[in-house]
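Chemist: Per our numbering, residue 632 is the first one in the sequence shown, and the count goes up by one each step.
Quick reminder that beta carbons are idealized off the backbone N, C-alpha and C, glycines included.
Below you will find the structure I want to go over with you.
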Amino acid sequence: MAALCPVCSGSDVEVQALFRGTHPAFNGLKRVLCRTCGMVFADPMPLESDLDRYNSSYFSTAHGGKPTSPASVAFFSGIASLRCSHIVRYIEAHNISASRLLEFGPGTGYFADTWLKKYPETEYFGCETDTSCHASLQKKGVKLITDYPRNEATRSIDLVVMSHVLEHVTKPVEFLSDATHHLRAGGALFIEVPCLDYEHKSQDEPHLLFFDKQPMSKLLTRCGFENIRTSYHGLSLEHLKQVSKLREVYAGIRSRFISNGVIAPFSRKCPGMEALSTVERAVLSPYNAHIESSRPAWWLRVVATKQRH
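Next comes the structure, spelled out in structure tokens:
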């Protein structure tokens, strides 16, 4: 049976390569390009039952555990602050009040922690499949939802957030429609995904969808969103594809200095880094996470508004 694009439902597709992965859930897949909208995706999609087992302990199976080193914590907390600033600029520009927030895939709660420190009155809901994260989320004040969208408590949400979630789903139109079912008309949606990361990584696992701006905009339009703003952030894909031994050596030296508390030489404050702590600036500055790029780059962000009917 010919593959159909999960974003535009087009059948004009071509196989790019065999899917690169090691977990049995990803055996026998191919990486496929939709020539109509530019979406790249795995085909056939893994069984939902296999993905459920894989995602129930996601941080362990996909990443070997949760980040615990001070540098890793600073990286993820800094990224959360940059996402928060990105969202705030958009909702302020569009006069959107966000007193009820729903996050999909909050992990251990870096973004929740950042948002609730800035807006402590927010009623914050979270859907997280990795049960090992639940205690941390509840401690931060996140109300866990396990039966969305059936849960009545999540009606009339102002803001839906999902960072590095959408690339893991098999049916993005259905998933996004369900995820924003209780987002009020005029409410905001924020998504961050890797941008075409198969181009610079040795493995495709655990991602099933590989987005660029065009298919992402197509998906959001199809799901009833407007005022869609997509943007690239971080190091360009061209840079990420270049292997440099000298850069690797410098990164190792830099990391050792920061781990030993030598932070000042690496923590220069640049435009876009105003919300970051000294150590967050030191850790994040090599990745250009605070810079919006005109070319495809590490991260693709999108903010949009749910259409008013």
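Pull up the distance between the alpha-carbon of Ile945 and that of Arg926, whole angstroms please.
Modeler: In this structure the chain extends from 632 to 940, so residue 945 is not present and cannot be described.
Chemist: Give the secondary structure of Asn919 by DSSP, where H, G and I count as helix, E and B as strand, and everything else as coil.
Modeler: The residue labelled residue 919 in the question sits at position 288 within the sequence shown. Note: Asn919 maps to coil in three-state DSSP.
Chemist: With a threshold of 7 Å on Cβ separation, who are the neighbours of Ala743 within its own chain once the five nearest residues in sequence on each side are excluded?
Modeler: The residue you call residue 743 lines up with position 112 of the sequence shown. Glu734, Pro737, Tyr755, Gly757, Leu768, Lys771 and Val773.
Chemist: Could you please give the first and the last residue of the uninterrupted beta strand (DSSP E) stretch that includes Ser604?
Modeler: Outside the displayed range of the chain (632 to 940) lies residue 604, so it cannot be described from this structure.
Chemist: Let me make sure I understand the geometry here. Which of Asn658, Ala633 and Val671 has the alpha-carbon closest to that of Gln647?
Modeler: As a working note, residue 647 is residue 16 in the sequence shown. That would be Val671, whose Cα lies nearest to the Cα of Gln647.
Chemist: Look up Thr852 in the DSSP assignment and say whether it is helix, strand or coil.
Modeler: By one-based count along the sequence shown, residue 852 stands at place 221. Helix, per DSSP.
Chemist: If the criterion is Cβ atoms closer than 9 Å, does the pair Ala634 and Phe657 meet it?
Modeler: Looking up residue 634 in the sequence shown gives position 3. Looking up residue 657 in the sequence shown gives position 26. No.
Chemist: Using DSSP bridges, identify the partner residues of Leu732.
Modeler: For the purposes of this step, residue 732 is taken as residue 101 along the sequence shown, with counting starting at 1. Leu732 pairs with Tyr755 and Leu790.
Chemist: Are the beta-carbon atoms belonging to Arg878 and His717 less than 9 Å from one another?
Modeler: By 1-based counting over the sequence shown, the position of residue 878 is 247. By 1-based counting over the sequence shown, the position of residue 717 is 86. No.
Chemist: With Val804 as the anchor, note down where its alpha helix (DSSP H) starts and where it stops.
Modeler: Within the sequence shown, residue 804 is the residue found at index 173, counting from 1. Pro803 to Ala810 is the extent of the alpha helix (DSSP H) around Val804.
Chemist: Does the Cβ of Ala816 have 16 or more other Cβ atoms within 10 Å, making it buried, or fewer, making it exposed?
Modeler: As a first step, residue 816 must be located in the sequence shown, where it is residue number 185. Its Cβ having fewer than 16 others within 10 Å, Ala816 is exposed.
Chemist: How would you label Ala928, buried or exposed, when you count the other beta carbons within 10 angstroms and need 16 or more for buried?
Modeler: Locating residue 928 in the sequence shown gives position 297, counting from the first residue. By the neighbour-count rule (16 or more Cβ atoms within 10 Å), Ala928 is buried.
Chemist: Near Phe897, which residues of its chain fall below 6 Å by C-beta distance, leaving aside the five closest residues on each side in sequence?
Modeler: The count along the sequence shown starts at 1 and reaches residue 897 at position 266. Hits under 6 Å: Ala913.
Chemist: What is the DSSP secondary structure of Asp843, reduced to helix, strand or coil?
Modeler: As a working note, residue 843 is residue 212 in the sequence shown. Asp843 falls in the coil class under three-state DSSP.
Chemist: Leaving out five residues before and five after Val934 in sequence, what residues of the same chain have Cβ atoms less than 6 Å from its Cβ?
Modeler: Residue numbering aside, residue 934 sits at position 303 when the sequence shown is read from its first letter. Excluding sequence neighbours, Val934 sits near Tyr721, Phe821 and Arg860.
Chemist: Determine the burial state of Pro837: buried for a count of at least 16 other Cβ atoms within 10 Å of its Cβ, exposed for fewer.
Modeler: Along the sequence shown, read from residue 1 onward, the residue named residue 837 stands at position 206. Flag for Pro837 reads buried.
Chemist: What is the residue span of the beta strand (DSSP E) that Phe941 lies within?
Modeler: The shown model of the chain, from 632 to 940, leaves out residue 941, and the question about it has no answer.
Chemist: Does the contact criterion of 3 or more C-beta pairs under 8 Å hold for the stretch 661-669 versus the stretch 845-857?
Modeler: With the cut-off at 8 Å, the stretch 661-669 and the stretch 845-857 touch.
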